[in-house]
Each structure stands twice: as C-alpha cells, then as structure tokens.
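Structure record follows, encoded as structure tokens.
There are 2 protein chains.
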Amino acid sequence: MNSVNGAPFRSRDFGTIERFVEPCILLLLSKEPAHGYGLLEGLETHCGEKVDVGDLYRTLRRMEHDGWVSSAWDRKENQRDKRIYTITEEGSAFLKHAVASLRETDELIHHLFSGYKKVYSNNKTL
Amino acid sequence: MNSVNGAPFRSRDFGTIERFVEPCILLLLSKEPAHGYGLLEGLETHCGEKVDVGDLYRTLRRMEHDGWVSSAWDRKENQRDKRIYTITEEGSAFLKHAVASLRETDELIHHLFSGYKKVYSNNKTL
DNA sequence: ATTCATATATGTAAATATCATATATCATTT
DNA sequence: AAATGATATATGATATTTACATATATGAAT
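Just so you know, the protein sequences line up as chains R and C, in that order. If you read the first sequence in this note's numbering, its first letter stands for residue 1, the second for the next number, and so on. If you read the second sequence in this note's numbering, its first letter stands for residue 1001, the second for the next number, and so on.
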C-alpha cells in the first residue's frame, strides 16, 4: 500500500536509508568478487532490499569512480561477458565508516522509539 | 571530516534517513503545538538532528499540504507573528506508520551489522 | 543607532531514486 | 528453426530531497 488515510506518500516508502545498498554491496564483495547481476539475489536475501537493476549498475559504476570497488571483464567461452567487481581497501574503509554511521542512525531511531512510547503508550485513542 | 582515505564523500554523511525530521516533528507536536523556529531546539535535543532552518519551514509547509499538520497564525502584541503548527489525526497515523517502517529499517541495519561482524570480526587487517 | 536573536520564507544546484527503455547473449521450449 | 525467457549491462528522463545561500522583517539588548 502506498497511502495512509488517503494522504499519498511521496517518492518512496518511509524509512529508507540513502545509498544503503552500497554497504550491502561492499559486504557481499567482502566475501567474494561478483558481477552486477549476480549481486541481485544476495542483495535481497542478505540485505533485504529489492534493488532496481539499472540503479544497481549505476551504483556500481559510481562506487568504482569513488575507488571503493574495481572492475574487470570476465570473458569466458560459452558464457556471457561479465564485469566482475572487487572490493578495494578504500571500499573496506568506507564500509567500516558506514557501519559506524549506521550505529549512530540506529541510536537516533531508538531515541525516537522511546519518545514515541512515552507519548503514545498510555493513549488509548491510537 | 568529509572523506575516508582521500575518497570524497558525496552529498552528505552516510546513514541518514530520508525525511527523518518529519516523525521527529510529529512527535514534538504530539506533546504540544509549536511554531517552526520553536521546534529547532527540540529537534536537536530530542531527535539529535541539526536541521537547516529553511529546510524546516519548507518541510512544515509540505507536511501541511499532506494533511499531517495544520497551521494558524498566532498574532500577539509585543510578539512576533508565529505560525503555530498542530498535528492532525492523519499526522498521528503517519507517525505510527513511520515508527513501524523504522522498525523494519532497524532490522535491516542490524542484519548488516551481524553480516559485517561475521566477515570482519576475525580479520586482523582491519 | 546598531547589532543579535527570533521568525518565516524562497532560489538554486546537486545527488539520488524510480521507472522506462535499449541492447545483446544464452538456454529452453515449441 | 523460431520464439521466448532469463541473464547481463547499461542509459534516458523525471521527480524528490537535501544543502547552501539569500531575503526580509521584528523584538531585544547594548
């Protein structure tokens, strides 16, 4: 559903973290190099995200531009060409930073939760 | 700081939740109606956010347009005019929805944390 | 008289997400 | 053999949001 009491939501459902897919990608690439399409399943099962395919490819190029991953074509016979992405040291550093930032985000979220409980837990109208 | 190992960050620091200020505003307005500028302190102390003032006003107008808050001018003598915002029922409904969505976001974050620990906890290189 | 905090707002640019579309190959089905 | 679907990589166009700057005006304090 995309509305609450008739009030339309805007761009997307609430609560999404901008570029959250990036640390997810980096975590998957920390285990083993992979190509874009091959990351799709992993991103859903490991990171619980439905990633737009086009967005994924653009994100990977962006991350390569930022130096967090490097890519090389994998050309094998009887196989489609694949661009294989590998995480870089800078990528690991960013992943570490992202995890630390998400810890702060997590605290903010829980702060909101506790505030919400205080206001609404004893309110029978909701 | 705005970089990791020389790789520049992009728009803003990682980990921010889009429009997170909105449930924060709604939580504050759940306690008592307030005007835009008056919300600034509360947003920092209660929600741990440094909110751009201009952004705050535009957000409030947007939220009014969406029916989550209503506003009325407060014109008193020897005081500046203030536009007082009050939360609506739709606003409370959205706040409830936002909290539920943030619970899912929270799970995603913790899923990433546990995956990160598995990969990096025994790795001495980081 | 001037400066600072209060108070509300708009202009503009950049980054990101969403949705659609394009292209091509490999595998399977008819 | 032809057609379809899954694999694989990518771009175009649009909308939303954020960030930063700027504009305006009043009340309070120096």
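Quick reminder that beta carbons are idealized off the backbone N, C-alpha and C, glycines included.
- Under DSSP, residue 74 of chain R shares a beta bridge with R:82.
- Taking residue 1110 of chain C as reference, the option from R:41, R:46, R:22 and R:57 with the minimal CA-CA separation is R:46.
- A straight-line Cα-Cα distance of about 41 Å links residue 1067 of chain C and residue 36 of chain R.
- Residue pairing for residue 1034 of chain C: DSSP places it in a beta bridge opposite C:1085.
- Along the segment 1012 to 1040 of chain C, the positions whose C-beta sits under 9 Å from a C-beta of chain R are 1012, 1013, 1014, 1015, 1016, 1017, 1018, 1019, 1020, 1022, 1023, 1024, 1027, 1028, 1030 and 1031, read in chain order.
- Look at residue 56 of chain R: its C-beta is not under 8 Å from any C-beta on chain C.
- Here residue 1025 of chain C is not bridged, per DSSP, to any residue.
- Taken atom to atom, the span from the alpha-carbon of residue 1071 of chain C to that of residue 1084 of chain C is near 5 Å.
- A straight line joining the alpha-carbon of residue 1081 of chain C with that of residue 118 of chain R spans about 31 Å.
- Comparing alpha-carbon positions, the option among R:87, R:116 and R:100 lying closest to residue 33 of chain R turns out to be R:87.
- Of the candidates C:1101, C:1044, C:1040 and C:1091, C:1040 places its Cα closest to the Cα of residue 1057 of chain C.
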